[in-house]
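The numbers in the sequence shown follow our numbering, run straight up by one, and end at 582.
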Amino acid sequence: MTTRQTLKGIGASSGIVTGKAFVLPSWEWELPDKMIDVTDLAAEFERLSDGIRTSKREIRSIKNELSDVIGGEPSSIFDAHLAILDDPIFMNEIQGIIQRQYKAAEVAVKEVIDKFVNMFDLLDDDYMKERALDIKDVGNRLLKHLLGKPDVVLPETSEPFILVAKEISPSQLAHLNPSHVIGVVTMAGGVTSHAAIMARAMAVPLVMGLEGKLDQPIQTGDLLIIDGEEGLIYVNPTDAVISEYKLLQAHLEANLENLKRIALEQAKTLDGTEIHLEVNITSLKELDQALQYGAVGVGLFRTEFVYMDRDAFPNEEEQYDVYRSAAEKMGHRPVIIRTLDVGADKQLEYLSLNEEENPVLGYRAIRISLDRTDLFKTQLRAILRATVHGNVKVLFPMITSVDEIRQAKALLEEAKDELRREGLPFKEDIPVGIMIEVPAAALIADLLAEEVEFFSIGTNDLTQYVLAVDRMNEHIAHMYDPYQPGVLRIIRDTVLAAKRAGIELGVCGEMAGDVRALPFWLGLGVNHLSMSVQSLLPLKQRVLQARTEEAVKRLEQVMRCTTSAQVKALMDPPARLTAAFK
Ligand code: PEP
Ligand code: MG
1 MTTRQTLKGI
11 GASSGIVTGK
21 AFVLPSWEWE
31 LPDKMIDVTD
41 LAAEFERLSD
51 GIRTSKREIR
61 SIKNELSDVI
71 GGEPSSIFDA
81 HLAILDDPIF
91 MNEIQGIIQR
101 QYKAAEVAVK
111 EVIDKFVNMF
121 DLLDDDYMKE
131 RALDIKDVGN
141 RLLKHLLGKP
151 DVVLPETSEP
161 FILVAKEISP
171 SQLAHLNPSH
181 VIGVVTMAGG
191 VTSHAAIMAR
201 AMAVPLVMGL
211 EGKLDQPIQT
221 GDLLIIDGEE
231 GLIYVNPTDA
241 VISEYKLLQA
251 HLEANLENLK
261 RIALEQAKTL
271 DGTEIHLEVN
281 ITSLKELDQA
291 LQYGAVGVGL
301 FRTEFVYMDR
311 DAFPNEEEQY
321 DVYRSAAEKM
331 GHRPVIIRTL
341 DVGADKQLEY
351 LSLNEEENPV
361 LGYRAIRISL
371 DRTDLFKTQL
381 RAILRATVHG
391 NVKVLFPMIT
401 SVDEIRQAKA
411 LLEEAKDELR
421 REGLPFKEDI
431 PVGIMIEVPA
441 AALIADLLAE
451 EVEFFSIGTN
461 DLTQYVLAVD
471 RMNEHIAHMY
481 DPYQPGVLRI
491 IRDTVLAAKR
501 AGIELGVCGE
511 MAGDVRALPF
521 WLGLGVNHLS
531 MSVQSLLPLK
541 QRVLQARTEE
551 AVKRLEQVMR
561 CTTSAQVKAL
571 MDPPARLTAA
581 FK
C-alpha cells in the first residue's frame, strides 16, 4: 500500500468519489523480430488490411453504442480515429516500411505511431499533443488486432473502482462501464483534451495532470478519494478526511435533487427582477438537459464544434439541419447562433492554418470568416434558412472594429440576396449581434451599438485580452482573473454603452455562470446570462434568494475596490460550500 498523500492535479470532470484504485498497465506489447520474405509481401499487406478493417468495425460499433448513451460530440471523436486509419500519409508510411524494409506489419505500425507521436509531442501545443494521443490510441487498437491480443481486462469485481492510468484515451474511456469505474485519475492530460470532454459527458469524475507530483506511485488497492471539481486526490486518506468527504458528497447529492425542484420556476429575484438564464451549447445533445433545467434560450451556440471531428467543412444542408433542429427544439425561445470561432486553441484538421507566433492574437474567428467568404456565406445561408423554424439570432465573434461588423453585415445581406433569388425562405429581420471580447470593441461600444441589435460579452476572451494573460497557459493561470478591477471596469462601461444605445446585452463567458458574480450582474442591470448546463440550477437558486437593491449597493462598493481580493471578499461565496452546507 502507498503511503498517505494529498495531491493537487487538474479538475477535469467534477464529482466526488471514494473507492479502491485499479492501476491500468500501459499498453506495451512485444513485437515479432522477424523479416518478411519477398514472396510473403502480398500476404502481409492483406494482414494489414484485415487489421484495419477489424479496427474500423470495432471503432464504428463503439461510436454507435456511445452516441446513444452520451451524445454526438464526444462519440464523434471516433470519427477522428477512423480518419487516421484512412489517412494516406499514415498508411503510405506503414506500407513503405513493409515493402522496402521487409518488416512485419505490426513492427511497421509501431514505428509509424512512434514517429508521429514523437513529432507531435515535441510541439509546444496542447492540441497537437492531444492528436498524438489519438494516433497512439488508434495505432494501439490496430496493433492489438495484428498481434491477436485481447483488450486490457479490468477487474471483474462487484466493488466499483477508480481507474488510475498514465494517460487515458477516448477509446479506453468508451470501454468503461460507469457503474464499475466510478472515477479516473491520469498522470497526463489537460481539461481541453478529448478524454476530458468525454468524461464530463459521461459524468465520470476525472482528475488529470499528476505527472511528477506523486511521492510514490499509486498502487492497485490503495483507497482514493477524488474531488473532480477541485482537482484533489487523497491517497489512503485519514478517517477524518473520509467522513468529511462523505458528508460533502451527501450534501451535494441532496442539493442537486433539491435544485431540480426549481428547474421550471421563473428566475426572479425577491424584489421581482427577472433574469433570463440561457445555456451555452456545442451540440444538439445538450439541449434536452438544458430544457429540463429550465434554460429559457440558447445564449451561445458555439458552432465551431459542428465543424470539428470530421474531415471536411459541413455543407449548407448539414449545417441547416443542425441549426434548424436547435431552433425547432427551443420553439419560441431565442437561439443565438455564433458564427465559426476557430483558430488559437480551436483547430480544424482540414483547415490547415499556418503556425503563428501568437495564435490568440492571430488569424481566428471573424478574421477567418471575412477572409474565407465562401465558408462564411455557406454558414450564413444555413443560419438564415433556420430562422423560419424558430427564434434564431446571429452572433459574430471577436469583432474589433466598425469596419469588421459592416463587412460581416454586407456578407449577410449578400447571403439574403442569394436566398431571395433562389426562392428559399428566411426571416428578413434576423437580429444581429456581436461578441464584446476584445478590449478595442468594448472601448468603442457606443459606435458598435449603432450597427447591431445586441451585444454578448465574452468574459473568457475579454479577461485574457484585458489582462494580457493567455487563458490556456497553466504557468500563469493564477493571473487569469476576471475579478481584477480593470476587467470589471471594461465590462461595466460596455453595459452602460449598451443601455445608453438601448440595445440588448447578455453575457456568455464563464463568469455569467459563476454564482459569486451574480451581485455584479444584478447591480449592473444585466438580465441575460448564458452558461453551461451545470451552472443553470445553482445560479437560479441564487437569483431566487437575491435582491436587486442590495446588489446595486454591493456593485458601488465593488467598483471602489483596488484589488481583486477585495472584490472577491464582497462577492457571494462560491457554489459548493453553500450547496453543501445550506
Ligand atoms: C468568451 O470568450 O467569453 C466566449 C464565450 O467564447 P469562447 O469561450 O468560445 O471563446
Ligand atoms: Mg471567445
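All residues carry an ideal CB built from backbone N, CA and C; glycine is no exception.
Quick caveat, the model's predicted, so the values are computed rather than measured.
| Check | Outcome |
| --- | --- |
| Length of the line joining the Cα atoms of D264 and P573 | It is Leu, not Asp, that sits at residue 264 in the sequence shown. Rounded to the nearest angstrom, the two C-alpha atoms are 24 Å apart. |
| Option nearest V394 by Cα separation, candidates T400, L340 and A240 | L340 |
| T192, DSSP secondary structure in three states | Low per-residue confidence applies at T192: pLDDT is 46, beneath 50, and the placement is therefore not dependable, though the value from the model is reported in the following sentence. Coil at T192, not helix or strand. |
| CA nearest to the CA of F455, picked from T378, R489, Q379 and G502 | G502 |
| First through last residue of the beta strand (DSSP E) which encompasses H276 | H276 to I281 |
| Beta-carbon proximity list for T2, same chain, < 8 Å, skipping 5 on both sides | Q216, P217, I218, Q219, D222, V235 and N236 |
| Buried/exposed call for K553, threshold 16 Cβ in 10 Å | exposed |
| Cut-off 8 Å between Cβ atoms - residues of its own chain near F581, not counting five sequence neighbours on either side | Residue confidence for F581 is low, a pLDDT of 31 falling below 50, so the modelled location carries little weight and cannot support an answer. |
| Whole runs of the beta strand (DSSP E) within the stretch 495-567, excluding any shorter than 3 residues | 504-507 and 528-531 |
| Run of the beta strand (DSSP E) containing M208, from where it starts to where it stops | L206 to M208 |
| Three-state secondary structure (DSSP) of G221 | coil |
| Simplified DSSP state of T2, which is helix, strand or coil | coil |
| Cβ-Cβ distance between V335 and G390 below 8 Å | yes |
| V69 classed as buried or exposed, judged by whether at least 16 other C-beta atoms fall within 10 angstroms | For V69, the pLDDT reaches just 49, beneath the cut-off of 50, and the residue's location in the model is therefore unreliable, although a value from the coordinates is still provided. Result: exposed. |
| Alpha carbon of W521 to alpha carbon of L247, nearest angstrom | 32 Å |
| Per-residue DSSP class, three states only, for R310 | coil |
| Cβ contact check for the stretch 267-279 and the stretch 29-40: 3 or more pairs under 8 Å | no |
| At least three beta-carbon pairs within less than 8 Å, the stretch 305-315 to the stretch 344-357 | yes |
| Straight-line Cα distance separating L361 from T192 | With a pLDDT of only 46 at T192, under the threshold of 50, the placement of this residue in the model should not be trusted; the figure read from the coordinates follows. Their Cα atoms are separated by approximately 20 Å. |
| DSSP three-state assignment for M398, whether helix, strand or coil | coil |
| Three-state secondary structure (DSSP) of F161 | strand |
| Residue span of the alpha helix (DSSP H) that contains T186, given as start and end | Not the alpha helix (DSSP H): T186 falls in the beta strand (DSSP E), residues V181 to T186. |
| Nearest-residue set for the ligand MG, Cβ under 5 Å from any heavy atom | E437, G458 and D461 |
| Same chain only: Cβ atoms within 6 Å of E93, ignoring 5 sequence neighbours per side | V112 |
| C-alpha distance - H81 paired with T238, whole-angstrom precision | 43 Å |
| Continuous alpha helix (DSSP H) stretch holding S13: start and end | Unbroken run through S13 is the beta strand (DSSP E), I10 to S13; no alpha helix (DSSP H). |
| Inter-stretch contact (C-beta, 8 Å, three-pair minimum) for the stretch 321-338 and the stretch 277-287 | yes |
| Near the ligand PEP: G598 beta-carbon under 7 Å from a heavy atom | For residue 598 there is no data in the structure shown, the boundaries of the chain being 1 and 582. |
| Secondary structure of G343, DSSP reduced to three states | strand |
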